[in-house]
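Below you'll find the structure, written out as C-alpha cells, and then a few comments.
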Amino acid sequence: MSIGALDAMTAYGRALGVGADTAPGGLGKTGATGRTQPGDGFGGMVEQLVGDAAGALRTAETASARQVAGKGDLIDVVTAMGAAETALDTVVAVRDRMVSAYTDIMRLQI
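Heads up: the sequence shown begins at 350 in the numbering used here, then just goes up one per residue.
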C-alpha cells in the first residue's frame with residue numbers, strides 16, 4: 350500500500366470517530382455535565398486537520414534541509430514530501446467542500 354493510501358485511511362478513521370460521542374442535536378462531544386465541549390466536533394476536526402498538515406509540511410522541510418546538508422536520505426525526503434502533499438490535498442478538498450456547501454446554502458430561497 351502507498352503512503353498516501355495509509356494517510357487517507359488514518360484521516361478517514363479519525364473522521365469516523367468524530368461523531369461517536371456527540372450531544373443530541375449538537376456537533377461536539379459531551380462531558381460529564383452533558384454540555385458540549387469546545388474544540389470538538391467539526392471545528393475541532395478541521396483544526397486538527399490543519400495542524401496535521403502543518404506538521405507534515407514541517408517534517409518535509411526538515412527532511413529536505415537534511416538532504417541538502419548531506420545528512421539525510423533521499424527516500425525519507427520523498428516519503429515526507431508525499432505525506433505533506435496528501436495532507437495539503439486533504440485540507441484543500443475539505444475547504445472546497447465547505448465553500449460549495451456555503452454557496453448552496455446561500456442559493457436557497459427563503
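Note that the Cβ used here is the ideal one computed from N, Cα and C, for glycine as well.
Given the structure is predicted, the values throughout are model-derived calculations rather than measurements.
query                                                                                                                                                         : result
Out of curiosity, what's the CA-to-CA distance linking residue 397 and residue 438?                                                                           : 15 angstroms
Ignore the nearest five residues each way along the sequence and tell me which others in residue 405's own chain have a CB closer than 6 angstroms to its CB. : 432, 433 and 436
So, helix, strand or coil for residue 375, using DSSP?                                                                                                        : In this prediction, residue 375 has a pLDDT of 47, which is less than 50 and means its spatial position is unreliable; nothing more can be read from the coordinates.
Near residue 408, what residues of its chain come up, given a Cβ to Cβ distance below 8 angstroms and the 5 sequence neighbours on each side ignored?         : 429, 432 and 433
Near residue 373, what residues of its chain come up, given a Cβ to Cβ distance below 7 angstroms and the 5 sequence neighbours on each side ignored?         : Residue confidence is low: residue 373 scores 49 on pLDDT, short of 50, so the model does not pin down where it sits. No coordinate-derived value is stated.
Let's test the definition: count the other Cβ atoms within 10 Å of the Cβ of residue 375 and tell me whether it reaches 16, buried, or not, exposed.          : In this prediction, residue 375 has a pLDDT of 47, which is less than 50 and means its spatial position is unreliable; what the coordinates show is noted afterwards. So residue 375 counts as exposed.
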